[in-house]
Every structure is written in C-alpha cells, then in structure tokens.
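> Residue numbers (UniProt numbering): 1 to 573. If you scroll down you'll find the structure; I have some questions about it.
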C-alpha cells in the first residue's frame with residue numbers, strides 16, 4: 001500500500017485539476033440516478049394512473065440527465081488525462097534526472113537492458129494506475145456510495161440483499177492480492193532479464209556473427225523469453241480464477257434481489273415500481289465492483305513496476321552531483337595527488353599514489369594493462385570517489401568541489417570514442433552549446449578532422465549513426481578530440497587519445513595537441529613514444545603503484561621498468 005500511495009503522491013502538485021475532476025465525477029454519478037427515479041415515476045404516473053400526457057416531459061428529463069452525465073464525463077476524461085500526463089511527465093523527468101546523477105559504480109553493477117526496461121516499460125506500467133486508478137477507482141467508489149445510498153432510501157431490505165455478496169468479494173480480493181505481488185515481481189524481473197540479453201546481443205551483433213553463434217544466441221534468447229511467458233502465465237492463471245469468481249458473486253446479488261423483492265411484493269410490503277427501480281440501477285452497483293477488481297489486478301502490476309523504479313529513485317546521488325565548492329577562477333591547473341588509495345568494490349586498485357602536475361605541464365602515465373592509469377583519470381573526473389589520500393586542484397580538495405564546476409574545467413578524450421546518433425554539429429556542441437560554425441571548424445582543423453567532415457554529404461549536419469557507425473575508428477576519434485578542443489579547458493585528460501589513428505594522422509593530431517597543451521595541464525595515457533617522450537614528467541605505474549618517475553631520457557638511463565617496456569616494444573615508435 002505504501003508503494004501505491006507513493007505513486008499517487010505525484011498527483012499532489014495539481015490540486016485544482018484534482019478538485020475539478022472530483023466535481024465532474026460527482027455530477028456524472030448523480031445523473032445515473034435520474035433513470036431509475038424517472039422509471040419509478042413513469043410506472044406510477046403513466047402506467048398505473050394513465051397520465052400519458054406527462055410521458056414526453058419525463059422522457060426529456062431522462063435524455064437531459066443522460067446528456068449532462070456524458071458531458072461531465074467528457075470533461076472528466078479530458079481533465080483526468082491532462083492531470084495524469086502532467087504527473088507522468090514529472091515522474092519520467094525525476095527518473096531521468098536521477099539516472100544522470102547516480103554514481104558510475106551503480107551503472108557498473110547493472111545491465112543496461114534492465115535499466116532501459118525500468119524507464120521504457122516499468123514507468124508506463126506505473127502510468128496505468130495513475131490513469132486508470134483515478135478514472136476507474138474514483139468514479140467506481142463514488143458510484144458505489146451514491147447508488148448504495150439511493151438503494152437504501154428505496155428499500156433497506158433489498159439494499160442489504162444487493163450488498164450481501166460484498167463479504168465474498170472482499171475475501172476473494174484479499175486472497176488474490178495476498179500472493180499477486182510476487183507473481184508480478186517475477187514477471188517484471190524476467191522481462192528485465194530478457195531485455196538486457198536483447199540489448200547485449202544487438203550491441204554485440206558483429207561478434208555474434210563473426211563467431212557464427214546465431215543459433216546458440218537464439219536458443220539463449222528463447223530460454224529468457226520462456227521465463228517471461230511462464231511468469232506471465234502464473235499471473236494470468238490467478239486472474240482466470242479470480243475474475244469469473246467475482247462475477248459469480250455479483251450474480252448472487254441479482255438473484256437475491258429478485259427473490260427478496262418478489263417475496264416482499266407477494267406479502268404486500270413492496271411496490272412493484274420500487275423493484276423495477278432496483279433492476280434499472282443495480283447494474284450501477286455491480287459494474288464498478290467489477291472495475292475495482294480490474295483495478296486491483298492493475299495495481300499489483302503497477303506496484304511491482306513501481307518498486308523497480310523507486311529502487312532507482314532511492315539510490316544515493318553522486319557526492320556533490322550539483323552542489324559543493326566552486327573551483328577558483330581562472331583555473332591554473334596545479335594538480336596534486338598525495339598518498340592516494342582506491343578500490344573498485346573490494347578489489348584494491350591504487351596504493352599510495354603521489355604525483356604532481358604544475359600548471360601547464362604535460363604528465364604521461366605509463367604502465368602495463370591494469371596498472372591503474374585509467375583509474376587515475378577517472379578519479380580526476382570524480383567518476384569515482386577515492387578511499388584515502390588527497391587530490392587537489394589549485395589547492396582545493398577534489399572531493400569538495402561541485403562536479404559541474406570540476407568537469408567544466410576538464411576536457412576528456414577516452415580510448416573508445418563515443419558519438420551520439422545525430423549530426424556532427426550536435427556531437428561537437430556537447431562540449432560548447434553556443435559554439436559557432438567557425439569555432440567548430442577551427443576545432444576540427446586542429447584535430448585534423450576538417451577534411452573528412454567537409455567531404456560528408458551535409459558537412460556539419462551529417463548524421464554519424466549510432467555510436468558513430470558511419471565513420472571509421474580514426475574519424476570517430478578525431479571528432480572526439482575536436483570536441484575536447486572546442487571545450488578549450490584548462491586541464492586535459494587524454495586516455496589513449498591517439499590509439500585509433502594511423503601513424504600519419506597521429507602525427508598531425510599530436511602536433512595540434514602540442515600546440516593546444518601549451519600553458520595547460522595535461523594528463524596523457526599512451527603507448528607511443530611520440531606521445532610520451534616530450535612530457536614534462538613520466539610516471540610509471542605497476543599494480544597500482546608509482547614505481548618510477550622522471551623524464552624520458554632519465555628513465556631510459558635508469559634502466560628500470562620504463563626502459564624494459566621500451567625494449568619489449570610495449571612503447572611503440
């Protein structure tokens with residue numbers, strides 16, 4: 001119940017719409033009584049007393065009541081959908097905002113397909129209880145209350161007969177609801193697992209084809225799909241028992257009203273017109289009960305979906321995701337790491353790391369795969385929080401800085417270039433929203449990317465495809481570098497930024513980066529000597545520790561790990 005109430009809390013921002021909807025629901029429900037009331041009047045005045053001349057006005061009253069009911073129903077539906085779409089928009093917006101502010105470690109522990117299922121499928125499932133919960137639930141409860149009150153004014157005994165199945169209906173609803181939550185949770189979990197597999201297989205379609213693994217993956221997908229079918233069948237089997245049972249209990253009410261009414265008329269305790277009124281309105285008592293049964297099923301499904309969505313909303317944000325200290329401006333770029341320790345979950349990664357970059361210096365990080373180079377870059381961006389030690393920028397402790405302020409001062413180029421499925425222009429404007437065409441072309445030229453962009457059919461407006469599929473690896477990397485150049489940050493982080501380009505292009509990019517890095521602090525991870533040898537200082541890492549530091553010439557002369565890597569061709573000419 002707590003989860004359902006939390007879902008409905010999103011409606012609290014719009015009290016005027018809620019009041020208007022309630023008013024319309026009350027009016028349209030009251031109009032339901034016009035037909036049975038006028039049926040009794042026609043029976044007494046026209047049929048029994050023969051006042052046939054009054055029949056037209058009674059019929060007009062009935063038609064006017066029906067029109068009023070349907071007109072206010074039209075208004076209620078319009079208000080209801082406006083009401084709920086605003087609430088659903090708020091929910092989607094809050095969820096997306098939350099996803100943007102979660103720790104990267106949270107994403108490391110989740111499958112992308114399952115996260116997408118929660119946004120694309122679980123949120124719409126929650127919508128149903130917002131939309132139908134109000135539309136069906138509110139009107140159903142009002143209808144039951146108003147119709148029950150009318151029935152008791154007509155004949156208390158017949159009203160009790162009509163309501164006699166209520167205990168059975170409540171017992172059936174309780175039995176169904178008792179285990180429904182688990183059934184729906186299993187269905188949502190199985191759907192998330194299937195979609196996660198589907199996402200992985202689509203993302204890895206080239207690998208699947210290259211290993212001719214289509215049949216095996218199809219079998220695996222069918223197994224995941226079968227689990228979804230089995231879970232949904234458990235839901236449907238329970239509903240197949242529940243729904244007809246509730247319908248049968250409603251039918252008992254009809255039979256009891258007929259029996260009790262006939263017995264009262266036989267004994268002279270009831271007018272036939274009253275029994276006629278009952279049978280013209282009793283449907284309005286049982287029909288909303290049926291809707292409440294459906295709402296009960298829907299609420300269980302929405303509750304299971306909501307639990308998965310609220311699990312995300314209840315996660316902790318990144319520290320200082322929006323708030324914190326501001327970097328002093330202008331940023332000089334003096335970066336220090338002192339006695340730094342860091343672990344991914346329980347796995348120690350960095351141990352007592354100490355290094356320093358003076359403003360304008362280029363620092364190269366060298367070491368075998370897994371030595372901790374990229375981890376240092378990730379910590380500088382505050383993608384993760386370090387366990388012990390200190391990182392400062394211009395004397396300000398990194399973990400006190402608001403992340404927007406920090407990241408606005410950093411340009412980051414990853415080893416695997418990522419481009420969004422849109423035009424070149426939008427991919428560049430990620431770095432600077434108000435960038436002019438001239439600024440973009442300057443950045444493209446500096447990254448040696450202007451030539452192939454000019455050759456594209458629509459230039460800056462050419463769509464690069466999902467993850468930049470329409471471009472070569474080198475072209476994607478050059479666009480990624482151009483994006484960082486356009487940002488023009490005081491601190492640059494280059495994680496194997498030239499790894500995906502050929503030697504000729506790499507030389508041109510390196511020349512542009514050399515010019516760009518003048519008077520800027522740069523951390524460079526690379527395997528190529530051409531990138532490393534001109535660094536102001538090189539730090540050699542091994543198993544998460546700094547084991548050597550110095551210039552290129554000094555490290556070669558010391559004949560240590562760096563010299564060994566060079567001799568093994570780990571550092572390429």
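We treat Cβ as the ideally placed atom computed from N, Cα and C, and that holds for glycine.
1. Measuring only the C-alpha atoms, how far is residue 221 from residue 198?
2. What do you get for residue 105, buried or exposed, if any count of 16 or more other CB atoms within 10 angstroms of its CB means buried?
3. Go to residue 15, then tell me how far its beta strand (DSSP E) extends in each direction, as first and last residue.
4. Expressed to the nearest angstrom, what Euclidean distance is found between the alpha-carbon atoms of residue 229 and residue 235?
5. Look at the Cβ atom of residue 176, then the Cβ atom of residue 304, and state whether they are nearer than 7 Å.
6. Candidates 276, 546, 487 and 216: which alpha carbon is nearest residue 41's?
7. How far does the alpha helix (DSSP H) with residue 153 in it extend, from its first residue to its last?
8. Tell me which residues share the same chain as residue 357 and place their Cβ nearer than 6 Å to its Cβ, disregarding the 5 neighbours each side in the sequence.
9. For residue 405, report the span of its alpha helix (DSSP H) as first-last.
10. Which first and last residues belong to the alpha helix (DSSP H) in which residue 557 is found?
11. With residue 341 as the anchor, note down where its beta strand (DSSP E) starts and where it stops.
12. Taking buried to mean at least 16 other C-beta atoms within 10 Å of its own C-beta, is residue 49 buried or exposed?
13. Straight-line CA distance for residue 287 to residue 246?
14. With DSSP as the reference, label residue 103 as helix, strand or coil.
15. Quick one: measure Cβ to Cβ for residue 99 and residue 319, integer angstroms, because I've assumed they're closer than 8 Å.
16. Beta-carbon within less than 7 Å of residue 208's beta-carbon, same chain only, minus the 5 sequence neighbours each way: which residues are those?
17. Mapping DSSP to helix, strand and coil, what is residue 213?
18. Sort 242, 261, 346 and 383 by Cα distance to residue 297 and report the nearest one.
19. From what residue to what residue does the alpha helix (DSSP H) around residue 272 run?
20. Starting from the Cα of residue 432, find the closest Cα among 488, 143, 423 and 377 and give me that residue.
21. What did DSSP end up calling residue 469 once you bin it into helix, strand or coil?
22. May I ask you to list the residues that DSSP assigns as paired with residue 356?
23. Using a 10 Å radius around the Cβ and a threshold of 16 neighbouring Cβ atoms, would you call residue 74 buried or exposed?
24. Hey, does residue 342 have any beta-carbon neighbour from chain B nearer than 7 Å?
25. Which residue from 33, 480 and 470 puts its Cα closest to that of residue 496?
26. Taking only three categories from DSSP, how would you classify residue 494?
27. Taking C-beta to C-beta, are residue 158 and residue 268 nearer than 7 Å?
28. Taking DSSP as the reference, what is the three-state secondary structure of residue 438?
29. Alpha carbon to alpha carbon, what distance is there between residue 308 and residue 315?
30. Using the beta-carbon count (16 or more within 10 Å), is residue 16 buried or exposed?
31. Tell me where the beta strand (DSSP E) around residue 600 begins and ends.
32. Contact between the segment 540-557 and the segment 383-391 is defined here as three or more beta-carbon pairs at a separation below 8 Å; is this criterion met?
33. Does DSSP put residue 386 in a helix, a strand or coil?
34. Within 10 angstroms of the Cβ of residue 370, are there 16 or more other Cβ atoms? Answer buried if so, exposed if not.
35. Do you know offhand how far residue 232's Cα is from residue 436's?
36. For residue 7, I'd like the list of residues in its chain whose CB is within less than 7 Å of its CB, leaving aside the five on either flank, ordered along the chain.
Straight from the coordinates:
1. Using only the alpha carbons, I get a separation of about 7 Å.
2. With fewer than 16 other Cβ atoms from the protein chains shown falling within 10 Å of its own Cβ, residue 105 counts as exposed.
3. Counted as a single uninterrupted DSSP element, the stretch harbouring residue 15 is not any beta strand (DSSP E) but the alpha helix (DSSP H) occupying residues 15-31.
4. About 10 Å.
5. Taking 7 Å as the cut-off, the beta carbon of residue 176 is found no closer than this to the beta carbon of residue 304.
6. Per the Cα distances, 276.
7. Here the alpha helix (DSSP H) through residue 153 covers 139-154.
8. Exclusion of the five residues before and after residue 357 leaves 335, 363 and 521 as the residues of its chain whose Cβ lies within less than 6 Å of its Cβ.
9. Its alpha helix (DSSP H) spans residues 403-408.
10. In the DSSP annotation of this structure, the continuous segment of the alpha helix (DSSP H) that includes residue 557 starts and ends at 552-558.
11. Following the DSSP letters along the chain, one finds residue 341 inside the beta strand (DSSP E) bounded by residues 335-344.
12. Classification of residue 49: exposed, given that the 10 Å Cβ count is below 16.
13. Residue 287 and residue 246 have their C-alpha atoms roughly 11 Å apart.
14. In this structure, residue 103 counts as coil in the three-state DSSP scheme.
15. 17 Å between Cβ atoms; not a contact.
16. Answer for residue 208: 201, 214 and 217, listed in chain order.
17. Three-state result, residue 213: coil.
18. The residue with the shortest Cα to Cα distance from residue 297 is 242.
19. First-last of the alpha helix (DSSP H) with residue 272: 272-281.
20. Of the candidates 488, 143, 423 and 377, the one whose C-alpha sits nearest the C-alpha of residue 432 is 488.
21. Three-state DSSP puts residue 469 in coil, outside helix and strand.
22. For residue 356, DSSP records a beta bridge to 336.
23. Answer is exposed; the Cβ neighbour count stays below 16.
24. Of the chains in the structure shown, none is chain B; there is only one protein chain.
25. With respect to the C-alpha of residue 496, the residue from 33, 480 and 470 having the closest C-alpha is 480.
26. Note: residue 494 maps to strand in three-state DSSP.
27. No, these two residues do not count as a Cβ contact at 7 Å.
28. Helix at residue 438.
29. A straight-line Cα-Cα distance of about 11 Å links residue 315 and residue 308.
30. If you draw a 10 Å sphere on the C-beta of residue 16, you find fewer than 16 other C-beta atoms in it, and that means exposed.
31. No answer is possible for residue 600: the residues shown for the chain start at 1 and end at 573.
32. The segment 540-557 makes no contact with the segment 383-391; the number of CB pairs closer than 8 Å stays below 3.
33. In the three-state scheme derived from DSSP, where H, G and I count as helix and E and B as strand, residue 386 is classed as coil.
34. By the Cβ neighbour-count rule, residue 370 is exposed, with fewer than 16 other Cβ atoms within 10 Å of its own.
35. One alpha carbon belongs to residue 232, the other to residue 436, and they sit about 53 Å apart.
36. Excluding residues within five positions, the ones whose Cβ falls inside 7 Å are 126, 129, 130, 302 and 306.
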